[in-house]
Amino acid sequence: MDLATILGIVLGFGALILAFVMEGGHLSSLIGITAYMIIFGGTFGATLTSYGLKDMLGLPKLIMKAIKTPPDRRAVLVEEIVKLAEIARRDGLLALENHPIEDPFLKKGIMLVVDGTDAELTEQILWADVEAMEQRHARGYGIFQTMGGFAPTMGIIGTVMGLVHVLSSLKDPESLGPAIAVAFLATLYGVATANLLWLPLHNKLKLRSKEEVAERQLIIEGILGIQAGENPRMLREKLLVHLPPQARATEPKAAPAGARAMAPGGE
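Below is the structure:
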């Protein structure tokens, strides 16, 4: 669970509400059913028109993806790739065909190598897969960016509608203040949800996408290294640059003995 996402949303809305109360406001004055309907109904409706029903039905899944913290598998992948490199160097590339590989993308690349695909073509195929993934991700997090753009506009529309109602009731001056306050609730909801909910979710999912692309970049470099017959120890050092410094310091401890045993010529 990504506490930063949850705490960020709670802190953002909580700070606004707390500041409002400290200024002497009443929470009941922030409740406006019609403003909710305009902001959420209008925002979801406009976004549905922009995308599609399938995309909108996938919003809960995208929100959960932003809330959950994905495991950092890069260190594990480095060791798995090095192990595959050791097997390939000792028994040949064909020995990798029946070796169990959990990661689908890594398995796909290894199968391309085993099938004798040219290194340049292998790289092109794998990067095409990454680009397709980026496009799928961009469509997903782009929904929240779109919602972040529509919400403030819907807020302005709601406020204008409220003011139209206020101006049509000028015969009762005492009701003008509360009516104007209710009218501006829509703008408040629109700006608040855009900047504290929709746009932050867009940024978080965009970050998740970049992290996944970086992971696949590591895999591609590892696959190409295996195909080129690189020394497993040198390949590990090459891949460790993708890890944070604290992880690089710990990873080599588990593998040097095996690497020395597998490498011919006492390397």
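Start counting the sequence shown at 15; every next residue gets the next number (our numbering). For glycine and all other residues, C-beta sits at the position ideal for the given N, C-alpha and C.
{"Asked": "Between the CA atoms of residue 196 and residue 181 - distance to the nearest angstrom", "Found": "13 Å"}
{"Asked": "Beta carbon of residue 80 nearer than 9 Å to that of residue 222", "Found": "yes"}
{"Asked": "Enclosing alpha helix (DSSP H) for residue 102 [first to last residue]", "Found": "88 to 105"}
{"Asked": "For residue 193, three-class secondary structure by DSSP", "Found": "helix"}
{"Asked": "Three-way DSSP call (helix, strand, coil) for residue 273 in this model", "Found": "Only weak support is given to the placement of residue 273: the predicted model assigns it a pLDDT of 37, under 50, and the question is left unresolved by the model."}
{"Asked": "Residue 255: first and last residue of the uninterrupted alpha helix (DSSP H) it sits in", "Found": "Neither: residue 255 is in no alpha helix (DSSP H) and is coded neither H nor E."}
{"Asked": "The segment 40 to 54 / the segment 153 to 163 touching (three or more Cβ pairs under 8 Å)", "Found": "no"}
{"Asked": "Residue 20 versus residue 127 - alpha carbon distance", "Found": "43 Å"}
{"Asked": "Proximity of residue 57 and residue 168 at Cβ, strictly below 9 Å", "Found": "yes"}
{"Asked": "DSSP state of residue 229 mapped onto helix, strand, coil", "Found": "helix"}
{"Asked": "Alpha helix (DSSP H) segments (min. 4 residues) lying fully within the segment 134 to 208", "Found": "190 to 207"}
{"Asked": "Close Cβ partners of residue 111 (< 6 Å) along its chain, the five nearest in sequence each way excluded", "Found": "128"}
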